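**Q** My questions all concern the structure below.
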Amino acid sequence: MNAKKQQWKYGVGERVWAGKYLNSQNNLHWHTDCELIYVENGELDILCDDMKYRLHKGDAMFFESESLHRIRAIENDSLLKTIIFDSSIVSDFTDGFKLRSPKVDGKTVSELYDYIFAAFTEKPPLYNQDVEAKLRRFTLDLYMENNTKVVLQKMRSDARLKKLLIEIRENGTHYTLIDAAKFMNMNASYLSRHFNAKMGMHLTHYINSVRVERAIDLIHGGDRDMTGISVKCNFGSLRNFNRIFKKFTGYTPTHLPPDYVMTPLLPLDTDAIDPTLCDTKLVESINN
């Protein structure tokens, strides 16, 4: 679970990024930015807000700000055009609304990518304002089209779930399923099913991952009292600590490499951690 980062970022004074990925693979995540993807070659499995999709060559999808999503290429030669832009560009008319379907017209997205890439490469006068205007027009049209009707919906459950992840990250070593159920105002059994359906893992598994993260921080900080760490991180016993720690890292606590880095299972937007998996290759971007 060592992290291998290949992180995109906006240029100075810019709010748009575009790049092309080979064999795109990433963990379930979200970000405040909007994202457009176009399949130039191959096939991909997509999980977006608890719905599964299979995208083929020529298909495209729009991930709204804060939507939970994951991309898994089926073929190694799959090629994905990606546009990411600051949600503030369109938030004045998208806030409070949600698309009925994230699937969009592929030809339009592909042409938009090519236009953005050329503009950010050549940088003619007012290129940034021009690109943002085109993204606003594209997004406005998308929200107004009959085949992608919008519904007034605040997605309170998802928003609360994201706050729960923050709560666990901040208090994870002593956080329990019962604590989470109280926070979500749900029955513990229902929350377990709900969390598993949304995140693709059991809540206790996620809590344990946060505890392991904390234990790694203590070890890297020079703490060698493994019994004490198991108590501080609420593993219950040294035996349980060793078992869970090795399950997540592949190492026992006493043999953890000094340069080991654990990638959070569900990175928060504030973590600034790229969810992209190591098999993915960025083959072009506007910042290259």
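Counting the sequence shown from 1 gives a position; this note's numbering is that position plus 67. Idealized CB from N, CA, C, for every residue including glycine. These numbers were taken from a predicted model, which means no experiment stands behind them.
So for G78, helix, strand or coil by DSSP?
**A** Coil at G78, not helix or strand.
**Q** Looking only at DSSP bridge pairs, what is H96 linked to?
**A** Per DSSP, H136.
**Q** Counting C-beta neighbours from all protein chains within 10 Å, is the total for D100 16 or more, i.e. buried, or is it exposed?
**A** Looking at its Cβ environment, which holds 16 or more other Cβ atoms inside 10 Å, D100 is buried.
**Q** Could you tell me how far apart the beta carbons of L270 and S256 are, in whole angstroms, since I believe they sit closer than 8 Å?
**A** In fact, because the Cβ distance is near 11 Å, the residues do not count as touching under 8 Å.
**Q** Just the Cα atoms here: how many angstroms apart are R203 and T161?
**A** Their Cα atoms are separated by approximately 10 Å.
**Q** Can you tell me whether S256 is helix, strand or coil according to DSSP?
**A** It is helical.
**Q** Comparing alpha-carbon positions, which option in N354, L232 and L111 lies nearest Q92?
**A** Closest by alpha carbon: L111.
**Q** With I104 as the anchor, note down where its beta strand (DSSP E) starts and where it stops.
**A** Unbroken beta strand (DSSP E) run through I104: C101 to N108.
**Q** Could you compute how far the alpha carbon of Y105 sits from the alpha carbon of L146?
**A** Computed Cα separation, rounded: 9 Å.
**Q** Can A85 and Y180 be called in contact, C-beta distance under 7 Å?
**A** Cβ distance < 7 Å, so A85 and Y180 count as in contact.
**Q** Give me, in chain order, the residues of the same chain whose beta-carbon lies closer than 7 Å to that of S304; leave out the 5 immediate sequence neighbours on both sides.
**A** So the list reads S297, once near-sequence residues are dropped.
**Q** Does the separation of the CB atoms of R82 and F152 fall below 7 Å?
**A** A contact, by the Cβ cut-off of 7 Å.
**Q** If you check the beta carbons only, do L95 and R121 fall under 7 Å apart?
**A** Not in contact: L95 and R121 (Cβ atoms no closer than 7 Å).
**Q** Buried or exposed: which applies to G239, given that a residue is buried once 16 or more other Cβ atoms fall within 10 Å of its Cβ?
**A** G239 is buried by the Cβ-count criterion.
**Q** According to DSSP, which residues form a beta bridge with V171?
**A** According to DSSP, V171 bridges with A127.
**Q** For D292 and A264, what's the separation of their Cα atoms in angstroms?
**A** Straight-line Cα distance between these residues: approximately 37 Å.
**Q** Once the 5 residues before and after V350 are set aside, which same chain residues still bring their CB inside 6 Å of it?
**A** Counting only Cβ-Cβ distances below 6 Å, and skipping sequence neighbours, we find K87 and L89.
**Q** What whole-angstrom Cβ distance do S132 and S168 have, given they're in contact under 8 Å?
**A** So it is not a contact: roughly 16 Å between Cβ atoms.
**Q** Where does the unbroken alpha helix (DSSP H) through F205 begin, and where does it stop?
**A** F205 -> alpha helix (DSSP H) spans Y194 to M211.
**Q** Which residue's Cα is closest to the Cα of F250: M268, G267, K229 and M266?
**A** Among M268, G267, K229 and M266, the Cα nearest to that of F250 is on K229.
**Q** Can you give me the C-alpha to C-alpha distance between K348 and K201, rounded to a whole angstrom?
**A** Distance between the alpha carbons of K348 and K201 is about 28 Å.
**Q** Assign E280 to buried or exposed, taking buried as 16 or more other Cβ atoms, counted over all protein chains shown, within 10 Å of its Cβ.
**A** Buried, because 16 or more other Cβ atoms sit within 10 Å of the Cβ of E280.
**Q** Can you tell me whether G239 is helix, strand or coil according to DSSP?
**A** Three-state DSSP puts G239 in a helix.
**Q** What does the alpha-carbon distance come out to for the pair D116 and L207?
**A** C-alpha separation (whole angstroms): 21 Å.
**Q** Identify, in the order they occur along the chain, each residue of the same chain with its Cβ nearer than 7 Å to the Cβ of G125, setting aside the five sequence neighbours on each side.
**A** So the qualifying residues of the chain are V106 and G173.
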